[in-house]
Structures are given as C-alpha cells and as structure tokens.
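So in my numbering, spot 65 of the sequence shown is number 184, and the numbers just go up one at a time.
Have a look at the structure below before the remarks.
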Amino acid sequence: MAEIKFTDLTKDEQTLLIAAEKALTNAYNPYNSQTRVGAAVKTKSGEIILGSSMANASSTVNLCAERIAIGSANTQGFRNVTSLAIIGTDSDGVVENPIMPCGVCRQFMEEYLTMNGGDIEIICSNSAKNKIIKTSLKQLLPLPYNG
C-alpha cells in the first residue's frame with residue numbers, strides 16, 4: 120500500500136475515481152468538519168454505481184458513501200463489486216490526505232464480499248487527486264470480526 124499519483128492509475132481506475140468525484144456533489148454534511156465523501160463501485164460486468172455520504176444531526180445514523188454505493192449495487196442485483204473509489208472534501212473544499220474507509224465501512228465491505236468470495240480493490244484519494252492510495256480490503260482489514 121503506497122501513495123501514488125492519478126496518472127499511475129489505469130484508465131478504468133481513473134474513470135472510477137472521476138465518477139466518485141461526481142457523486143461527491145450530492146454529499147451532505149452541514150455539521151462540524153463538513154467532510155463530504157463521494158464513492159463509486161465497479162461491478163464485474165463493468166457497471167459503475169455511485170454513492171455519496173449523508174450526515175445526520177444524530178451522528179450515529181450517518182451513512183458513509185461507500186456503504187450507500189455498495190447498498191445501491193446490491194439493490195440493483197450486483198453482488199460482484201470488484202473495485203471502489205472514494206474522494207472527499209471538507210468545508211474549505213480541500214482534504215490534504217486520501218480519504219480512507221472507516222472501520223464500520225471496512226466491516227460492512229467484508230460482510231458484503233463474503234457473498235461473492237472475493238476481495239475488492241480500493242482507491243482512496245484526497246480532493247486534488249494528487250495523493251492516492253491503492254489498496255484492497257484484505258490489506259485494510261486483515262482480521263475481520265466474524266462472530
């Protein structure tokens with residue numbers, strides 16, 4: 120897991136990250152940090168499905184962009200997601216470091232991937248797309264909860 124540049128991504132990975140950036144425009148968070156996140160998942164058949172974060176005054180019911188995108192994919196009958204891209208901004212429109220999936224999202228993805236027996240490539244970007252981490256769920260969550 121290393122930091123890379125946008126130009127180091129494949130054309131498909133760049134397209135996925137740009138789709139996540141488009142989803143970012145619908146993200147909602149008027150609270151505290153005002154961090155907003157956009158996500159895009161790609162299915163094995165090439166479909167790209169978007170998600171945007173939705174904050175709530177009762178922070179325990181916040182919905183992360185990753186879970187919304189995966190839930191949308193599942194609702195549309197796609198359980199074969201192969202990759203995910205996420206990008207975010209804050210109240211100033213800038214996030215210096217790559218946005219990473221939270222622990223809840225990592226566990227959620229683990230459960231979802233149990234249905235298809237695979238791993239998922241994850242592309243995490245800062246708002247300028249000049250600091251990107253390309254990783255996988257297995258690297259981010261090597262020992263998931265399985266109670």
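Beta carbons: idealized from backbone N, C-alpha and C, even for Gly.
Predicted model only: the values in this text are computed from it and were never measured.
Look at the alpha carbon of residue i and the alpha carbon of residue j, and state the distance between them as a whole number of angstroms.
i: leucine 256; j: serine 172; result: 19 Å
i: threonine 162; j: isoleucine 168; result: 8 Å
i: threonine 144; j: alanine 184; result: 12 Å
i: threonine 129; j: alanine 174; result: 32 Å
i: valine 223; j: leucine 259; result: 12 Å
i: methionine 120; j: alanine 146; result: 27 Å
i: alanine 159; j: glutamine 226; result: 18 Å
i: aspartate 209; j: alanine 142; result: 15 Å
i: arginine 198; j: glycine 237; result: 10 Å
i: aspartate 211; j: asparagine 235; result: 39 Å
i: glycine 207; j: isoleucine 137; result: 12 Å
i: leucine 135; j: tyrosine 264; result: 29 Å
i: leucine 262; j: glutamate 229; result: 10 Å
i: isoleucine 123; j: serine 202; result: 17 Å
i: arginine 186; j: glycine 170; result: 8 Å
i: glycine 266; j: arginine 155; result: 31 Å
Please name the residue or residues paired with residue i in a DSSP beta bridge.
i: isoleucine 277; result: Residue 277 is absent from the structure shown; the chain starts at 120 and stops at 266.
i: tyrosine 147; result: Met173
i: glycine 157; result: Ser171 and Ile206
Assuming residue i and residue j are in contact, meaning their beta carbons sit under 8 Å apart, how far apart are those beta carbons, in whole angstroms?
i: isoleucine 239; j: isoleucine 251; result: That belief does not hold up - the Cβ atoms of isoleucine 239 and isoleucine 251 are roughly 16 Å apart, past 8 Å.
i: serine 246; j: valine 213; result: 5 Å
i: glycine 157; j: glutamate 140; result: 6 Å
i: phenylalanine 125; j: lysine 248; result: 5 Å
With a threshold of 8 Å, are at least 3 pairs of Cβ atoms found where one atom belongs to the segment 162-178 and the other to the segment 214-225?
no
So, does the segment 185-196 touch the segment 144-154, judging by three or more C-beta pairs under 8 Å?
no
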